[in-house]
Amino acid sequence: MGSPIVLGIESSCDETGAGLVRDGRLLGHVVASSMAEHARYGGVVPEIASRAHLHALRPVVRQALDEAGLRLADIDAVAVTTGPGLSGALQVGVAGAKRIAYALGVPLYGVHHLAGHVAAGTLEHGPLPDPCMVLIVSGGHTSLLLVRDLARDPIVHLGDTLDDAAGECFDKVARVFGLPYPGGPAIDRTARDGSPRAVAFPRPLTGPRDAPYDFSFSGVKTAAARWAEGHTGLELPVADGAASLQEAVADVLTRKAVAACREHGVGTLVVVGGVAANSRVRSLAEERCRTAGIELRVPPLKFCTDNGAMIAAVGDLLVQAGAEAAPLDVSIDPSAPL
Ligand code: KG4
Ligand code: ZN
């Protein structure tokens, strides 16, 4: 018998993901998103997300198996996101994972959503160096993590946003600028025609006395809203606003991440989460890592956003490390601390 095949299931927000990983290699993965159904509300509606997971889970698992050329009976372990996330949404994934694990008589592993994002860095680039620095930037998270052995050592949480996540800031400002949801990609597209130096948006928590690894984006959001209000009755130079906002957010994110690497003697920075798709976050991270002699890993976008492959990747590491499986009555933990 070869190495175990691990099924990973993700359902913490609006993406239903299933992935299959064996020995660090991705065999197949499928993601269904209910994002379009939330668009008219301008944000994720928990009830709609839960219902969408219920509809999507079986087909997504089935398609991932088909893609990998496997049958359900080939699965040797199941890993599932238990938190943090929306409780109804998590519940659907965990219930599905339990059913499969119980029916097949295979171990079940509960996975922290952020550990999943960290493991996304292994899917295309191979095992993570020990230690490495991980910047998770999404609509729900902005965290700087010091990671050693993901399966054995606790993740060290160096810093977090004190208010809005970076993606949330993009999404909210986009709304004020009259751009479509989700705002991040719209800001990125619009910024191409603007000047990053047009508006001097604040760089919060970058002073010498500020918490070095914490973030704050609500001030940037308010400054952008005020700047837009200042143009009431006039045509809003949206491209300049978008480019300047993107520059401010990318500057703070990459400055702090590179400083954290330097100060902790870490040679690799991994950037994951939806905001890792941002063109300026990527180019500034590349520029600053090159100058500092730090290796930068940004997984392909499909692994940056929520997916089941990253959860399977954590499950695979846990299986390989001989970690203890979760009981079949494991509960969800919507506000799981790291
Ligand atoms: O990781 P993700 O798919 O979901 C979670 O929030 O967990 O991230 C979604 C976030 C949204 O806030 C979206 O606006 C942002 O990532 N995003 C971007 C870009 N693409 C997605 N933000 C800036 N630039 C982008 N190109
Ligand atoms: Zn996520």
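Residue numbers for the sequence shown follow the working numbering, so the first one is 22 and each next one is one higher. All C-beta atoms, glycine included, are put in the ideal place defined by N, C-alpha and C.
- Within the DSSP bridge table, the entry for D214 names no partner.
- Short of 6 angstroms from the beta carbon of A246, and not among the five residues preceding or following it, lie these beta carbons of its own chain, in chain order: V197.
- The beta carbon of P201 sits closer than 7 angstroms to the beta carbons of A207 from its chain, once the five residues preceding and following it are set aside; these are given in chain order.
- With a cut-off of 6 angstroms, the C-beta of D327 is classified as near ligand 2, since at least one heavy atom of the ligand falls inside that distance.
- Each of A70, Y130, D44 and P152 was checked against the Cα of G106, and the nearest Cα belongs to A70.
- Comparing alpha-carbon positions, the option among L167, H138, D184 and G126 lying closest to L322 turns out to be H138.
- For G109, the uninterrupted alpha helix (DSSP H) segment begins and ends at S108 to L125.
- Contact between the segment 224-241 and the segment 331-341 is absent: fewer than 3 CB-CB pairs across the two stretches fall below 8 angstroms.
- Within the DSSP bridge table, the entry for T182 names F236 as partners.
- Only residues of its own chain outside the window of five on either side were considered, and among them T102, G104, P105, G106, L107, A110, L111, G114, H134 and D327 have a CB closer than 8 angstroms to the CB of S33, listed in chain order.
- In this structure, the straight-line span from the alpha carbon of T37 to that of A244 is close to 35 angstroms.
- In the displayed model, V101 falls within a strand according to three-state DSSP.
- Cβ-Cβ separation between D272 and L305: approximately 7 angstroms, consistent with a contact (criterion under 8 angstroms).
- T289 is bridged by DSSP to E316.
- Closest by C-alpha distance to H74, out of T253, A39 and R283, is A39.
- With a 10 Å radius around the Cβ and a threshold of 16 neighbouring Cβ atoms, R79 comes out exposed.
- Take the alpha-carbon of F191 and the one of G294: they are about 14 angstroms apart.
- Following the DSSP letters along the chain, one finds S164 inside the beta strand (DSSP E) bounded by residues T163 to V168.
- Within the same chain, and ignoring the five residues on either side of L47 in sequence, the residues whose Cβ sits closer than 7 angstroms to its Cβ are G40, L144 and A330.
- Of all alpha-carbon atoms in A281, H162 and I121, the one lying nearest the alpha-carbon of A313 is that of A281.
- Using a cutoff of 6 angstroms, the CB of S32 does not count as near ligand 2, since none of the ligand's heavy atoms is closer than that.
- Checking the 6 angstroms criterion, the Cβ of S54 is out of range of every heavy atom belonging to ligand 2.
- The same chain holds no residue with a CB closer than 8 angstroms to that of E345 once the five nearest residues on each side in sequence are set aside.
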